[in-house]
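>
2 protein chains.
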Amino acid sequence: MLPTEEETRLWIALNRAHRMVHREMERALAAGGLPPLKWYDVLWAIEMAGSDGVRASNLRDWLLFEQSNLSRVLRSLIERGLVHETASDTDKRAKILRVTDKGAELRLRMWGIYGPQIHTSMIKLTADENAGALLRALHALRPKDE
Amino acid sequence: MLPTEEETRLWIALNRAHRMVHREMERALAAGGLPPLKWYDVLWAIEMAGSDGVRASNLRDWLLFEQSNLSRVLRSLIERGLVHETASDTDKRAKILRVTDKGAELRLRMWGIYGPQIHTSMIKLTADENAGALLRALHALRPKDE
DNA sequence: CAAAAATAGATGATAATGCATCTAATTTTG
DNA sequence: CAAAATTAGATGCATTATCATCTATTTTTG
């Protein structure tokens, strides 16, 4: 079944908005000499899990990362001492991940750039026609309530 | 300046929604033995330019592609006879691009998968919590009207 | 108009991505 | 409980992306 005008509009707006903003984010971080967004997401997700730690497969589900990519990002983070892994004693396949102090510190430092950039980009986004298109398309498609 | 809750929510929702849907799109196309989404976008954008053709730099601006990526995608499309290039006589640096019949045919064939997938994905998107988050966040941020 | 700056597009080097597959461990099932 | 199926995570390989830089051509400017 072919998409309606509204559905197509929504997808295009979503696509463009994401591409534009994502690029701004990555460039702001790189300009600040900081690692890519992906690192932030992973560090944040692990931190959220708290002191119990979390296993990679949970991160993959939550972050919607490809398993192989997550595996490699984690290896980087671990090699750099930003994340610490301990073997699980209930499941010998799994490794429990926790953010180290150094990792938490880096995440905060990234937030110093990333946070303001979210503000800037979202203001810009909602100010231009993309938000209008997104909003109208969502409105038109929204099932019932709201 | 740090982002508000709403701004952060919007960015996260945008990010997740895009990642989810984009993956579905690419997989649907690949499953149908068709080339990646990027090809569709480029073919479509060139077709939109009509018989006058269009130059790569315009496509780059419109599609928000990296110049080097666009250059290579175009080379692929040209090599496969999907796009035809002619030198511009007003600007010897530029090449004017037009979609060939074969290119138009491929784009249509891709639309056979892509179109229905837009429908499916947008329905799914608006049915789950992502749309709610996007919508609420956009609402909260939208400057004035609407 | 000549020199400097900007623009169109290509390309080499490097890193990131996705897919398929692999090993090891765990769960399920007959 | 043994065999089959599933799951966690790593890794090789091919593709794609990004950055920086390069050439060739305009465009701008003093």
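First to last, the sequence lines map onto chains L and X. Take the first sequence: its letters are residues 1 to 146, numbered as in this note's numbering. Take the second sequence: its letters are residues 1001 to 1146, numbered as in this note's numbering. Just so it is clear, CB atoms sit at the ideal spot from N, CA and C, and this is done for glycine as well.
1) Give me the Cα-Cα distance between residue 60 of chain L and residue 1008 of chain X, rounded to the nearest whole angstrom.
2) Around the C-beta of residue 75 of chain L, are 16 or more other C-beta atoms found within 10 angstroms, so that it is buried, or is it exposed?
3) Excluding the five sequence neighbours on either side, which residues of its own chain have a C-beta within less than 8 Å of the C-beta of residue 1026 of chain X, listed in chain order?
4) Kindly list the residues whose CB is nearer than 7 Å to the CB of residue 21 of chain L, restricted to its own chain and excluding five residues on each side of it in sequence; keep chain order.
5) Taking the straight line between their C-alpha atoms, what separation do you get for residue 1159 of chain X and residue 128 of chain L?
6) Which complete beta strand (DSSP E) runs does the segment 49-130 of chain L hold, if anything under 3 residues is left out?
7) Go ahead and label residue 1107 of chain X buried or exposed: buried means 16 or more other beta carbons lie within 10 angstroms of its beta carbon, across all protein chains shown.
8) For the alpha helix (DSSP H) that contains residue 1002 of chain X, what are its first and last residues?
9) Could you check what DSSP says for residue 1034 of chain X in three-state terms: helix, strand or coil?
10) To the nearest angstrom, how far is it from the Cα of residue 117 of chain L to the Cα of residue 1019 of chain X?
11) For residue 1050 of chain X versus residue 1077 of chain X, is the C-beta distance shorter than 9 Å?
12) So, using beta-carbon positions, are residue 1041 of chain X and residue 1063 of chain X closer together than 9 Å?
13) Counting only beta-carbon atoms, is residue 39 of chain L nearer than 9 Å to chain X?
14) Under 9 Å, Cβ to Cβ, is there at least one residue of chain X near residue 84 of chain L?
15) Could you confirm whether any beta carbon from chain X is found closer than 9 Å to the beta carbon of residue 20 of chain L?
16) With distances taken Cα to Cα, identify the nearest neighbour of residue 1109 of chain X among X:1028, X:1016, X:1017.
17) Report yes if the CB atom of residue 950 of chain X is closer than 9 Å to the CB atom of residue 1097 of chain X, and no otherwise.
18) Using the C-alpha atoms, what's the distance from residue 1005 of chain X back to residue 94 of chain L?
19) Does the Cβ of residue 31 of chain L have 16 or more other Cβ atoms within 10 Å, making it buried, or fewer, making it exposed?
20) Between residue 1034 of chain X and residue 1099 of chain X, is the Cβ-Cβ spacing less than 9 Å?
21) Kindly say whether residue 74 of chain L, judged by its beta-carbon, lies nearer than 9 Å to any beta-carbon of chain X.
22) Output yes if chain L places a C-beta closer than 9 Å to the C-beta of residue 1016 of chain X; else output no.
If we stick to the structure as given:
1) Distance between the alpha carbons of residue 60 of chain L and residue 1008 of chain X is about 21 Å.
2) Sixteen is the threshold: since fewer than 16 other Cβ atoms of the shown chains lie within 10 Å of the Cβ of residue 75 of chain L, the residue is exposed.
3) Beyond the five residues adjoining it in sequence on each side, residue 1026 of chain X comes within less than 8 Å, by CB distance, of 1036, 1037 in the same chain, given in chain order.
4) Cβ within range, chain order: 121, 125.
5) This structure does not reach residue 1159 of chain X, given that chain X is present from 1001 up to 1146, and the question cannot be answered.
6) Note on the segment 49-130 of chain L: whole beta strand (DSSP E) runs with a minimum of 3 residues are 83-87, 95-99, in chain order.
7) With 16 or more Cβ atoms within 10 Å of its Cβ, residue 1107 of chain X is classed as buried.
8) Membership of residue 1002 of chain X in any alpha helix (DSSP H) is not indicated, and neither H nor E is assigned to it by DSSP.
9) Reduced to three states, the DSSP call for residue 1034 of chain X is coil.
10) Residue 1019 of chain X has its alpha-carbon roughly 20 Å from the corresponding atom of residue 117 of chain L.
11) No, Cβ-Cβ distance for residue 1050 of chain X and residue 1077 of chain X is not below 9 Å.
12) Closer than 9 Å, so yes.
13) Closer than 9 Å to the CB of residue 39 of chain L there is not a single CB belonging to chain X.
14) Between residue 84 of chain L and chain X, the shortest Cβ-Cβ separation is not below 9 Å.
15) It does; some Cβ of chain X falls within 9 Å.
16) Put simply, of X:1028, X:1016, X:1017 the residue whose alpha carbon is nearest the alpha carbon of residue 1109 of chain X is X:1028.
17) Summary: the structure shown does not reach residue 950 of chain X, with chain X confined to residues 1001 through 1146, and so no result is reported for it.
18) Spanning the two alpha carbons is a distance of roughly 34 Å.
19) Counting Cβ neighbours within 10 Å, residue 31 of chain L comes out exposed, since fewer than 16 surround it.
20) In this structure, residue 1099 of chain X does not lie closer than 9 Å to residue 1034 of chain X by Cβ.
21) Cβ-Cβ to chain X under 9 Å: no for residue 74 of chain L.
22) With 9 Å as the cut-off, residue 1016 of chain X counts as an interface residue toward chain L.
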